[in-house]
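Beneath this line is the structure, given in structure tokens, with notes to follow.
In the numbering used here, the protein residues as written are 4 to 98.
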């Protein structure tokens with residue numbers, strides 16, 4: 004089963020009323036053009052992927068419990084969000 008995590012070098016920060024994913028690194032400047040604004044569910048997913056590998060199915064289960072939501076809808080939303088993150092090069096995979 005493939006597991007995913009947020010690539011090292013990104014932090015989630017609260018800026019005003021929004022949570023954002025900010026690239027950072029030791030000794031380098033922050034590139035704000037690569038900052039990603041997260042909605043509540045996106046922030047929940049990223050927070051559960053920060054620093055640890057997690058299976059996509061486990062993310063779906065966590066969201067279903069936390070938001071009392073339908074499996075099919077949650078699964079589709081998680082897959083869409085993770086695909087977007089992967090396209091932006093924000094994920095690492097563990098096989």
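No residue lacks a Cβ here, since even glycine has one placed at the ideal position from N, Cα and C.
Predicted model only: the values in this text are computed from it and were never measured.
A contact is defined here as three or more CB-CB pairs under 8 Å, and the stretch 6-19 meets this definition with respect to the stretch 46-57. In the DSSP assignment, residue 93 falls outside any beta strand (DSSP E) and carries neither an H nor an E.
With at least 16 other beta carbons inside 10 angstroms of its own, residue 22 counts as buried.
With at least 16 other beta carbons inside 10 angstroms of its own, residue 88 counts as buried. Distance from the CA atom of residue 63 to the CA atom of residue 95, rounded to whole angstroms, is 18 Å.
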